[in-house]
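In the working numbering, the protein residues as written are 204 to 321. First comes the structure, then the notes that go with it.
This is the structure we're talking about:
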């Protein structure tokens, strides 16, 4: 069992940057897959934004490739999402997730709001 706490959301203008952070506590040694998801206003499903699989394979949604970077700091037990050149369409609640494997159940954080608006 792991506990995830996101931080770093906020209001930013189009073209700006934000860095989200997810602090991981608990049985972190068993976590091999960490990811960021988002749920846009009015949508019922969460979209996978970026994923990092130990030791370091990354995957990104097409809509964020070249703009977002996911990274994991095992020493600090954190996973971060650097978001650059933000667009209005990136507005959403962003959630951090953790799994032991790609076939395991998700553990979720509480989410952090990102609003991109002029």
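For glycine and all other residues, C-beta sits at the position ideal for the given N, C-alpha and C. Keep in mind it's a predicted model, so treat the numbers as computed, not measured.
For residue i, the three-state DSSP class (helix, strand or coil)
i: residue 190; result: With the chain covering only 204 through 321, there is no way to say anything about residue 190.
i: residue 320; result: coil
i: residue 265; result: helix
i: residue 290; result: coil
i: residue 213; result: strand
i: residue 242; result: strand
i: residue 220; result: coil
i: residue 248; result: coil
i: residue 271; result: strand
Burial state of residue i, where buried means 16 or more other Cβ atoms lie within 10 Å
i: residue 257; result: exposed
i: residue 276; result: exposed
i: residue 234; result: buried
i: residue 213; result: exposed
i: residue 240; result: buried
i: residue 273; result: buried
i: residue 284; result: buried
i: residue 309; result: exposed
Anticipated Cβ contact below 8 Å, residue i with residue j, distance rounded
i: residue 289; j: residue 319; result: 5 Å
i: residue 207; j: residue 286; result: Rounded, the Cβ-Cβ distance is 18 Å, inconsistent with contact.
i: residue 226; j: residue 281; result: 6 Å
i: residue 224; j: residue 211; result: 5 Å
i: residue 317; j: residue 295; result: 6 Å
i: residue 254; j: residue 267; result: In fact, because the Cβ distance is near 11 Å, the residues do not count as touching under 8 Å.
Own chain partners of residue i with C-beta closer than 8 Å, once the 5 adjacent residues on each side are dropped
i: residue 249; result: 240, 241, 242 and 298
Neighbourhood of residue i by C-beta, 7 Å cutoff - its chain only, sequence neighbours within 5 removed
i: residue 217; result: 289, 290, 291, 319 and 321
i: residue 215; result: 221, 289 and 319
i: residue 230; result: 204 and 205
Beta-carbon proximity list for residue i, same chain, < 6 Å, skipping 5 on both sides
i: residue 293; result: 319
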